[in-house]
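Under the numbering used here, the first residue of the sequence shown is numbered 186, with each subsequent residue one higher. Where a beta carbon is used, it is the ideal one built from N, C-alpha and C, also for glycine.
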Amino acid sequence: MGASPQQITTSSLKLVVNQYIINHMRARDHALIGALTASALMPVLGVNSVVFWTASVLIDGDHYVDYVYRNGFKDFTIKGMFRFNRSLSAVLSKENKKGGFLTISLLHTIEALGFLYIASELTGWLWLQSVFWGMLFHISTDLVHKLVRGGRIFGRALSIIEYVIRSSSMKQRGIQPQEVYRRAAAQLTDSTEIQDIKESQ
Ligand SMILES: [Zn+2]
186 MGASPQQITT SSLKLVVNQY IINHMRARDH ALIGALTASA LMPVLGVNSV VFWTASVLID
246 GDHYVDYVYR NGFKDFTIKG MFRFNRSLSA VLSKENKKGG FLTISLLHTI EALGFLYIAS
306 ELTGWLWLQS VFWGMLFHIS TDLVHKLVRG GRIFGRALSI IEYVIRSSSM KQRGIQPQEV
366 YRRAAAQLTD STEIQDIKES Q
């Protein structure tokens, strides 16, 4: 007995919904865990726990900047960013053991945190301190998430200086740390590899 057109529509609809949930899980997780922690911090931060929460979510905005930069400022869509990130994590999970890559997210660095910390200490502004704690909280959750999922903790540089030193030493050894970005982009235009993206999820 073959599937009726209705069944086909339902199953493809399910697939789309599943894809949507998978794509947005990370951002949603951050929003949920952030909201719980922010409400627990209410007695300390007061109204600034909203700032804490906002910073802990918006820090991932650098994935967007990264996407726009990697595609040569050709695509500015959020949908495109999610597709690219999905493709990138598929490439990274394949490369995981070999470790021939190095990524960086500028807001997820010690330098960005340090800058905010100094600025918040100098001004004494509680809202700026809340931004700092929100970002630190997010970065810690990212690391724990990676640890639990068996990802490569050091696959993403946590410092700009570290990134410069490590990527130049990789290049000297003939490894192209940026190659993963090119492959992630190529994979999106090559439909034969889309299956890999689904499998790795
Ligand atoms: Zn993040």
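Nearest-angstrom beta carbon gap, residue j and residue i [assumed within contact, 8 Å]
i: LEU291; j: LEU321; result: Not really, about 15 Å apart at Cβ, beyond 8 Å.
i: HIS215; j: THR326; result: 7 Å
i: LEU332; j: ILE324; result: The pair is not a contact, with the Cβ atoms about 13 Å apart (cut-off 8 Å).
Near ligand 1: residue i beta-carbon under 7 Å from a heavy atom
i: ILE360; result: no
i: ILE244; result: yes
i: ASP327; result: yes
Beta-carbon gap between residue i and residue j smaller than 8 Å
i: TYR366; j: LEU273; result: yes
i: LEU277; j: GLY340; result: yes
i: GLN359; j: VAL236; result: Looking at the sequence itself, residue 359 is Gly, so the reference to Gln does not match. Against a cut-off of 8 Å, the Cβ pair of VAL236 and GLY359 comes out as no contact.
i: ALA270; j: HIS293; result: The identity of residue 270 in the sequence shown is Asn, whereas the question assumes Ala. Their beta carbons are not under 8 Å apart, which means ASN270 does not touch HIS293 by this criterion.
i: SER315; j: LEU217; result: no
i: ALA342; j: ARG351; result: yes
i: SER344; j: ILE295; result: yes
Worksheet item: Would you call the stretch 249 to 269 and the stretch 301 to 313 in contact, with 3 or more CB pairs under 8 Å?
Response: Judged by Cβ distances under 8 Å, the stretch 249 to 269 makes no contact with the stretch 301 to 313, as fewer than three pairs qualify.
Worksheet entry | alpha helix (DSSP H) runs wholly inside the stretch 279 to 339, at least 4 long, in chain order | Assignment of alpha helix (DSSP H) within the stretch 279 to 339, counting only whole runs of 4 or more residues, yields 295 to 308 and 311 to 333 in chain order.
Discussion item. Contact between the stretch 240 to 255 and the stretch 210 to 230 is defined here as three or more beta-carbon pairs at a separation below 8 Å; is this criterion met?
Written reply: Yes, the stretch 240 to 255 touches the stretch 210 to 230.
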